[in-house]
Each structure stands twice: as structure tokens, then as C-alpha cells.
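Protein chains in written order, with the numbering used here: chain A, 109 to 512; chain B, 50 to 185.
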């Protein structure tokens, strides 16, 4: 029997909704079967907590007296440049931004001790942040310099806006070369010394709704410890990725663009991270409620680690050179066992995404829904599906020839 | 026979004195230098694994202390700041001794066993939230 989101919300309001995590539903479906599970369970909560480089936040810091127009000038938060190509006092700070005097990788591997992700975490933690603006004066905005402490509580708006999060599946990175390499998937030891992955697997939101039947524009989510919404498909969105029989993508596939009030978030779930030799990023906690509207959805959320496959890719050559070679496919049960086999060699595994914290997020969202503190939303519009033809294209480079 | 890992801190006036070799000569101890940093006019640090008869190891450590060398068990050396740790597990395949490990494969909880740590510091920078700290 099919349910509607409105019916599920009625149950949530009465404190009668049956809510379980994407881990717990696996056993329920195994024990009771799909039909019974779909009948009994109203909502399944999924979660993920990993580095999401395509993250950032925008702010309106209020007008100074006399007024200043940061737009068109330069702005820095704790010495980290923020994007000031907007109006007078609006700024966007990206997670990977670095101070202009950061040595980066001049001496490899660079440390990347502090950047945009850390500024965002410090703001969320309520720490004072130094704001510096250098710009030109106008008749209506005469001031050219500003150097002041700001605090999130005094900002007019502080909004987390991430163009690409919650990747549906991801590569496993290995290193076939004979020297250590430093990547966004961590430190990779030479000659297949280790294998790093980055997904919560069976708990990951988009792996629990592989065709985005319930997740779409307007879906309310748990974001960074506060409330957020799905606003668009994320960048590099690719529903065309090859899929298993059950529809689960076997390659990095769909993504989400998400937004939420930074003021309501927690530094525990919005955390700046340093990837040695690579740069700065931001770990963002995301929890997504999936309404169990019918058996089909119950089937999707019962997906388990053994059924989710991902590609093993050499990050010393194939990845940087954009070559399509895949060394093999492994599943998340294998990855989580601590060891996988590649080219006949046993290789220890590590995760960059925290499964342990993903469980906490799924549990926290579950408790919120059970207590009636979090209601589900109908999506306003679908995200592009397989039939849309949307895909993730490489750059078609057309080199510019210098005129002599 | 016992084996103990210790962190030695040499005051700067002792750096030019031969001290550690007497652990072999006077106490018959085997030592393996796991790490050493000695800079002229500054404190020196050394991480040693001492192996020998228990009573001789104790005597050797007393001798070091009598020479003004501070001796701490290695367990104090590397610490995980669990408030900062995101429990991702990036460290576990980097740690050469299994001191950083996954405690429970169901919850994927990361744990640290100081007994196994050799303070090589390979984990320090690969930790994304930089939650692993070196204390002397």
C-alpha cells in the first residue's frame, strides 16, 4: 500500500512515525521482506560526513559608517580572500580559498594549515573573524579601507551554499608509481601501498535513492547540524553513470547543491580540514530523510555495502592525465574490511569520509523526526534523470593562439 | 627481558656529553633509536626502545635521570585530540604499526593504542582535521 508524504507528516506530528536509519532498514527488510517493511517503516534516514571541496558560504556583513563598497575590490576573512564581485557588503567564501601568502606546494607536500574551510568553521564556532576590505571610493561609498573584527551573530545573513555535495559514490584512489603522492583522497603510498575511498556506502544519501525518486529541489535536509534544503542538482551531475542491476551507480554519479542557515549550524558538523600536499576543504554533515512511499523505495533504501561497487583508479597517472583506466571494481563491504585486493596484491584501505559520524547523523535525524521536530517536504521539482541526457563532460579545450 | 619505549629530553648543556652509549656499556641494554633530533644550543629529543633485564632497564633509566635527562614513557608522546577527530580513518593505512586502527568494523570507530605507537609522526599531516598532536 502506497503512502504519501502528507500522511507520513501527520504521523510524525503525532509522534507515531516509524523512523529507522539506512543501516537499520537492511536488517528489517531481510527479516520481514519488502512488502512488510514498506508498510511498517515511514522514513529512512541517510547521512554522510566527508570533505566536500565544492562548499562555501556567503555573508552580508552590514554597512559601515561611512559606507564602503567591497564589490569590485578585495576582501579577506582571517587573511583568506573572499569573493567580492557582488554588491557593497556581500561576500562569498569558498572552502578551498587560501591566504595569498600561503606557500602552497612550493615545498612539497604543502601543509595547508588554514583556509576557507577553517574560516567557515571558526565563524560557526562563534569566534571573532578579522575582515579586511581594500577597494576604491565612490560618491555613495566613499570609504576605501576597512579592518575590523566581525562575529557571525552580528552578520545580517550567513548562509552555507555548496554547489556540489553528497556525491553518489566515488573513486577508490591508489598509487601505482614508486613515490608517495598527496591527493584530495589523502596520502597514497607508492606501489599500491594503500587504497583510499570516500563515501558512507550503505548510509550515503544518494545511494539510498539512486534514481532520486524522493530527493529533489526543495527537499528539506539536515545540514551541518541545522536545517538545509536541496536547491539544485550539484555540479558534475551525471545520472548516466553505469549502474548495477538494482540501479546503484558504479561510478561517481549524481550530486546535490545544498543551502542552509550557517548561524544554526555546529562546528562539529562544519569542519575545516587540511589535505596535505593538496589544499583546504570543508567536511559537511548531511542527513537526508527518505520517505518510504512504496515497496520500490523500500527496496532502494535496503541497499547494503556488498551491493555498492566503485572503481579503483590510479591517482599517479590515470586520474591526473584524465585517462579512463579502471584497475578494478570493489564494494564497500570489502573496503570497510580494511583490505582489498588489487592486481593480486592485498592493499590496506582508509576512508576520507567518516562512516562513524554518518551513523551519528542518521541517528540524530531519526530522533528529530521521531520527536516531531523535523517534517518532510514534497520536492518542488525533479532533478534531471537518466532520460534528461545530462552528463559530466570534460573540457573541450580550444587553445588560444597568440597573434604575432 | 622487557622492552620499553621512552622519550628522552636532553637539557642543552648535556647535548655534547656521551650518555646513551653507557646504557650498553654499564647496563647491557639493547637500544633502538626510533627518532632523534639534536640541535646545537637547544634541547635534544630522542625516542628509544630499550630492551634488557627488567632490573637493568630500571637502573639505566635511573642513570639517565641522574644525568639530568628527562625520561617519559612514549605513550605520552603522540595524542589524539578526540574532540577534533572526525573518525574518518585516513590515518589507519598510514600508521605502520597498527597503533591507529579501526576498533569496530560495524561502527568504523577509530582508536589509538599508545603501546603500539613508535612516534614516527607519519600520521600527523595526513590527518585532515589535524587531530593528532605531538607532545614532548
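Heads up, the beta-carbon is just placed ideally off N, CA and C, and yes, glycines get one too.
Look at residue i and residue j and say whether their C-beta atoms are less than 9 Å apart.
| i | j | result |
| --- | --- | --- |
| residue 227(A) | residue 201(A) | yes |
| residue 172(B) | residue 123(B) | no |
| residue 477(A) | residue 134(A) | no |
| residue 278(A) | residue 305(A) | yes |
| residue 391(A) | residue 178(B) | yes |
| residue 157(A) | residue 328(A) | no |
| residue 472(A) | residue 378(A) | no |
| residue 332(A) | residue 232(A) | yes |
| residue 137(B) | residue 163(A) | no |
| residue 320(A) | residue 362(A) | yes |
| residue 425(A) | residue 199(A) | no |
| residue 96(B) | residue 126(B) | yes |
| residue 448(A) | residue 280(A) | yes |
| residue 56(B) | residue 121(B) | yes |
| residue 223(A) | residue 203(A) | yes |
| residue 307(A) | residue 256(A) | no |
| residue 116(B) | residue 63(B) | yes |
Which residues in the same chain as residue i place their Cβ atom closer than 8 Å to its Cβ, once the five residues preceding and following it in sequence are excluded?
| i | result |
| --- | --- |
| residue 76(B) | 101, 105, 106, 108, 109, 112 |
| residue 574(A) | What the structure shows of chain A is the stretch from 109 to 512, and residue 574(A) is not part of that stretch, so it cannot be assessed. |
| residue 489(A) | 324, 325, 326 |
| residue 192(A) | 178, 179, 180, 181, 182, 183, 199, 241, 243 |
| residue 113(A) | 399, 401, 484, 485, 486 |
| residue 508(A) | none |
| residue 78(B) | 72, 99, 100, 101, 105, 106, 109 |
| residue 52(B) | 98, 99, 100 |
Below 7 Å CB to CB, which residues in the same chain sit around residue i once its five sequence neighbours on both sides are set aside?
| i | result |
| --- | --- |
| residue 413(A) | 309, 310, 439, 440, 441, 444 |
| residue 91(B) | 61 |
| residue 50(B) | 100, 101, 102 |
| residue 317(A) | 323, 398, 408 |
| residue 221(A) | 382 |
| residue 371(A) | 260, 266 |
| residue 385(A) | 213, 216, 217, 218, 290 |
| residue 344(A) | 272, 363, 500 |
Assuming residue i and residue j are in contact, meaning their beta carbons sit under 8 Å apart, how far apart are those beta carbons, in whole angstroms?
| i | j | result |
| --- | --- | --- |
| residue 272(A) | residue 165(A) | Wrong, their Cβ atoms sit about 15 Å apart, outside the cutoff. |
| residue 140(B) | residue 176(B) | 6 Å |
| residue 393(A) | residue 335(A) | So it is not a contact: roughly 12 Å between Cβ atoms. |
| residue 145(A) | residue 312(A) | No, residue 145(A) and residue 312(A) are not in contact; Cβ-Cβ is about 20 Å, not under 8 Å. |
| residue 150(A) | residue 125(A) | 4 Å |
| residue 219(B) | residue 134(B) | Residue 219(B) is absent from the structure shown; chain B starts at 50 and stops at 185. |
| residue 218(A) | residue 211(A) | 6 Å |
| residue 420(A) | residue 450(A) | 6 Å |
| residue 128(A) | residue 152(A) | 6 Å |
| residue 161(A) | residue 292(A) | 7 Å |
Thinking C-alpha only, which one of the options is nearest residue i?
| i | options | result |
| --- | --- | --- |
| residue 59(B) | 81(B), 164(B), 85(B), 53(B) | 85(B) |
| residue 322(A) | 402(A), 370(A), 131(A) | 402(A) |
| residue 465(A) | 120(B), 55(B), 131(B) | 131(B) |
| residue 237(A) | 251(A), 189(A), 278(A) | 189(A) |
| residue 240(A) | 232(A), 276(A), 253(A) | 253(A) |
| residue 213(A) | 137(A), 290(A), 398(A) | 290(A) |
| residue 491(A) | 346(A), 360(A), 428(A), 472(A) | 346(A) |
| residue 247(A) | 432(A), 270(A), 258(A), 175(A) | 175(A) |
| residue 296(A) | 52(B), 142(B), 55(B) | 142(B) |
| residue 155(B) | 486(A), 505(A), 462(A), 504(A) | 462(A) |
| residue 162(B) | 128(B), 180(B), 73(B) | 128(B) |
| residue 245(A) | 276(A), 479(A), 182(A) | 182(A) |
| residue 185(A) | 169(A), 195(A), 173(A) | 169(A) |
| residue 197(A) | 258(A), 495(A), 367(A) | 258(A) |
| residue 276(A) | 314(A), 167(A), 498(A) | 314(A) |
| residue 151(B) | 456(A), 512(A), 479(A) | 456(A) |
| residue 116(A) | 480(A), 494(A), 503(A) | 480(A) |
| residue 341(A) | 500(A), 506(A), 205(A) | 500(A) |
| residue 282(A) | 274(A), 302(A), 503(A) | 302(A) |
| residue 157(B) | 510(A), 452(A), 496(A), 467(A) | 467(A) |
Under 6 Å Cβ to Cβ from residue i, same chain only, skipping five residues before and after it: list those, please.
| i | result |
| --- | --- |
| residue 142(A) | 403, 406, 407 |
| residue 351(A) | 357 |
| residue 294(A) | 304, 460 |
| residue 81(B) | 98 |
| residue 194(A) | 179 |
| residue 454(A) | 447 |
Legend entry - Near-chain B residues of the stretch 206 to 237 of chain A (beta-carbon distance less than 8 Å), N- to C-terminal order: 217, 219, 221
Legend entry - Cβ-based contacts, 8 Å cut-off: residues of the stretch 456 to 480 of chain A near chain B: 456, 457, 458, 459, 460, 461, 462, 463, 464, 465, 467
Legend entry - Positions along the stretch 132 to 163 of chain B whose CB lies within less than 8 Å of some CB in chain A: 135, 136, 137, 138, 139, 140, 141, 142, 143, 151, 154, 156, 157, 158, 159
Inset, instruction - Note down, in chain order, all residues in the stretch 434 to 448 of chain A with a beta-carbon under 9 Å from any beta-carbon belonging to chain B. - result: 444, 445, 446
Legend entry - Positions along the stretch 367 to 394 of chain A whose CB lies within less than 7 Å of some CB in chain B: 379, 381, 382, 383, 384, 391
Legend entry - Residues within the stretch 159 to 181 of chain A neighbouring chain B, beta-carbon criterion of under 9 Å: 159
Inset, instruction - Check each residue of the stretch 164 to 175 of chain B: if its Cβ is closer than 8 Å to any Cβ of chain A, include it; give the result in chain order. - result: Hits within the stretch, in order: 174, 175.
Legend entry - Proximal residues, the stretch 269 to 302 of chain A versus chain B, C-beta separation under 7 Å: Per Cβ criterion, the list reads 294, 295, 302.
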